[in-house]
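Asks: Protein chains in written order, with our numbering: chain D, 1 to 114; chain W, 1001 to 1113.
Even for Gly, the Cβ is constructed at its ideal location relative to N, Cα and C.
Dropping a structure here in structure tokens format, bear with me for questions.
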Amino acid sequence: GESVGLHLPTLSVQEGDNSIINCAYSNSASDYFIWYKQESGKGPQFIIDIRSNMDKRQGQRVTVLLNKTVKHLSLQIAATQPGDSAVYFCAENMGETSGSRLTFGEGTQLTVNP
Amino acid sequence: SAVISQKPSRDICQRGTSLTIQCQVDSQVTMMFWYRQQPGQSLTLIATANQGSEATYESGFVIDKFPISRPNLTFSTLTVSNMSPEDSSIYLCSVGTDPSGYTFGSGTRLTVV
């Protein structure tokens, strides 16, 4: 069936560097994408979202890029900090026809080294 | 965004027993979902909790194993029935207040021994 997947299961960066986390999706009908951060022992926390009619969206220190041609999503974190260490998930939504459900990718463990 | 209170936060249960997890939201929401997150893995949707009707289950999940109640627009329960060690997971409640806001509870960490 359709799936959302990530290219890299782990990512290790130095504090202050920029981080890029990638996600591939296979359902061209998906029209809404979300990035979540999950710290140990906690539920997923919303970071940023993007709709399929956009190719870039910026937040505080984070940018999400959407390339619909190759069905690729990325999360960029600027000036990565130790507090950014967590597992990051992308999720896709195929709209009301799918019951507005989210399908999650596999997750990337980001480790920030001081 | 909505604030979700999920209880219990963790439990250790004997195999063959059942556990009911509660999800309370601080505002009325139309969409409420239950997810399972097995150790070291991603989130898998169990079912959509529908107010006033039966839950809609995803492939691989059945009502007899995971009965769900949704008595009103602010509350839902998920029961994990006849538990086995394979049911050890984190169970998460999520609500969608609008197409831009899917919020998660902090989860229930279940260990079955």
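Name the chain D residues that come within less than 8 Å of W:F1033, Cβ to Cβ?
Replies: As a first step, residue 1033 of chain W is located in the second sequence; it is residue number 33 there, counting from the start. The answer, in chain order, is R101 and L102.
Asks: Taking the straight line between their C-alpha atoms, what separation do you get for D:P114 and D:I34?
Replies: As a working mapping, residue 114 of chain D is identified with position 114 in the first sequence. As a working mapping, residue 34 of chain D is identified with position 34 in the first sequence. So the alpha carbons of these two residues sit roughly 28 Å apart.
Asks: With C-beta atoms as the reference, is D:F89 less than 8 Å away from W:S1042?
Replies: The sequence position of residue 89 of chain D within the first sequence is 89, counting from 1. The sequence position of residue 1042 of chain W within the second sequence is 42, counting from 1. Yes, Cβ-Cβ distance for D:F89 and W:S1042 is below 8 Å.
Asks: So, is D:N18 buried or exposed, given that buried needs 16 or more other C-beta atoms within 10 angstroms?
Replies: One-based indexing of the first sequence puts residue 18 of chain D at position 18. Label assigned to D:N18: exposed.
Asks: Leaving aside the five residues before and after W:L1045 along the sequence, list all residues of the same chain whose C-beta is less than 7 Å from its C-beta, in chain order.
Replies: As a position in the second sequence, residue 1045 of chain W is number 45, starting the count at 1. Only F1033, Y1035 and E1058 meet the Cβ criterion.
Asks: Might you give, ordered along the chain, the residues of its own chain that have their beta carbon closer than 6 Å to the beta carbon of W:T1097, omitting 5 neighbours on each side?
Replies: To locate residue 1097 of chain W, count along the second sequence from 1; it is residue 97. Within the same chain, W:T1097 has close Cβ partners A1002 and V1029.
Asks: For D:E92, report the span of its beta strand (DSSP E) as first-last.
Replies: By 1-based counting over the first sequence, the position of residue 92 of chain D is 92. A86 to N93 is the span of the beta strand (DSSP E), which, as asked, contains D:E92.
Asks: Any C-beta of chain D sitting closer than 8 Å to the C-beta of W:T1091?
Replies: Locating residue 1091 of chain W in the second sequence gives position 91, counting from the first residue. A quick correction: the sequence has Tyr, not Thr, at residue 1091 of chain W. No, W:Y1091 does not count as interfacial toward chain D.
Asks: Out of W:F1061, W:G1040, W:Q1038 and W:Q1037, which has the shortest C-alpha to C-alpha gap to W:T1048?
Replies: As a first step, residue 1048 of chain W is located in the second sequence; it is residue number 48 there, counting from the start. Ranking W:F1061, W:G1040, W:Q1038 and W:Q1037 by Cα distance to W:T1048 puts W:F1061 first.
Asks: Quick one: Cα of D:W13 to Cα of W:D1064, how far?
Replies: If you number the first sequence from 1, residue 13 of chain D lands on position 13. If you number the second sequence from 1, residue 1064 of chain W lands on position 64. Before going on, a small fix: residue 13 of chain D reads as Val here, not Trp. Spanning the two alpha carbons is a distance of roughly 46 Å.
Asks: Where do the ends of the beta strand (DSSP E) carrying D:N53 lie?
Replies: Walking along the first sequence from the start, residue 53 of chain D turns up at place 53. Taken as a continuous stretch (DSSP letters only), D:N53 belongs to no beta strand (DSSP E), as it is neither H nor E.
Asks: Using CA coordinates, which residue listed in W:T1108, W:S1005 and W:C1023 is at the minimum distance from W:S1069?
Replies: Here residue 1069 of chain W refers to the residue found at position 69 of the second sequence. With distances taken between Cα atoms, W:S1069 lies closest to W:C1023.
Asks: Measuring CB to CB, does W:L1110 end up less than 8 Å from W:D1011?
Replies: The residue labelled residue 1110 of chain W in the question sits at position 110 within the second sequence. The residue labelled residue 1011 of chain W in the question sits at position 11 within the second sequence. Cβ atoms of W:L1110 and W:D1011: closer than 8 Å.
Asks: Just how far apart, CA to CA, sit D:Y25 and D:V64?
Replies: Within the first sequence, residue 25 of chain D is the residue found at index 25, counting from 1. Within the first sequence, residue 64 of chain D is the residue found at index 64, counting from 1. Going from the Cα of D:Y25 to the Cα of D:V64 covers about 14 Å.
Asks: In the DSSP assignment, find the beta strand (DSSP E) that holds W:S1076 and state where it starts and stops.
Replies: Here residue 1076 of chain W is taken as the residue at index 76 of the second sequence, counted from 1. Unbroken beta strand (DSSP E) run through W:S1076: F1075 to V1080.
Asks: Which of the three DSSP states is assigned to W:D1011 in this structure?
Replies: Here residue 1011 of chain W refers to the residue found at position 11 of the second sequence. If DSSP states are grouped into helix, strand and coil, W:D1011 belongs with the strands.
Asks: Who are D:F46's beta bridge partners in DSSP?
Replies: As a first step, residue 46 of chain D must be located in the first sequence, where it is residue number 46. BP columns for D:F46 point to D:Y36.
Asks: Helix, strand or coil for W:P1039? Go by DSSP, reduced to three states.
Replies: For the purposes of this step, residue 1039 of chain W is identified with residue 39 of the second sequence, where counting begins at 1. It is coil, neither helix nor strand.
Asks: Under a three-way DSSP split, which group does D:P82 fall into?
Replies: The residue you call residue 82 of chain D lines up with position 82 of the first sequence. The answer is helix: DSSP assigns D:P82 an H, G or I state.
Asks: Under 8 Å between C-beta atoms, does D:P44 make it to chain W?
Replies: Position 44 of the first sequence, counted from the start, is the residue given in the question as residue 44 of chain D. So yes, D:P44 belongs to the interface.
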